[in-house]
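In case it helps, the UniProt record's numbering puts the sequence shown at residues 1 to 161. Don't be surprised by glycine CBs; every beta carbon is placed ideally from N, CA and C. Only one structure is covered here, and it is reproduced in the block below.
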Amino acid sequence: MNTEDVYQEYADFVFKYLLTLTNNDYQSAEEMTQETFYQAIKSIDNFHNNGKAKFSTWLCSIAKNVWLQELNREKKRHQLAESLSGDNALSYNLEEDYFRNEDKIHFFKQTHQLSEKKREVIYLRLLGDLSFKEIGSILGESENWARVTFYRAKQYIRKGE
């Protein structure tokens, strides 16, 4: 299978995964999809298909690393912009923002207490709007596993309310 075939087969899948991670930022997801395939081509020799890892799972791990690198770059750019401006005053009312986001903060605190797999299932399902079949495929598990894991994570979050 050549690189064009690989791209045609997996690009939409990787794009949807990155769309989830970027909170539906299409432009960023598209750029990161391109970077993911660039990185995959550079490191294709590192993929060892010993029956344990699917190619799609390997691509998603590369995509996640690309996304994390972009988060770090954004954080550094933001810090640089703040230090250059010399004005650390916030352009919005922090108190209003806090009350508006209180429910989200509680949800993310509860979700943060979950195991990494459960947390990722919650994010992919709720933020990425992916099916249980797609989630299972991304994480290298079955559709039923994704469904049960989501249910258990949801129950845990509800208990913490």
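- A straight line joining the alpha-carbon of residue 44 with that of residue 138 spans about 19 angstroms.
- By the Cβ rule, the stretch 26 to 41 counts as touching the stretch 57 to 70, because three or more pairs are nearer than 8 angstroms.
- Note that the C-beta distance between residue 33 and residue 18 is below 7 angstroms.
- Per the coordinates, the alpha-carbon of residue 127 lies some 22 angstroms from the alpha-carbon of residue 35.
- Here DSSP, grouped into helix, strand and coil, assigns residue 114 to coil.
- Cβ-Cβ distances below 8 angstroms link residue 110 to 156, 157, 160, 161 in the same chain, with the five nearest sequence neighbours on each side left out; the list follows chain order.
- Under the three-state reduction of DSSP, residue 144 is assigned to helix.
- In the displayed model, residue 55 falls within a helix according to three-state DSSP.
- Annotated three-state conformation of residue 124 is helix, per DSSP.
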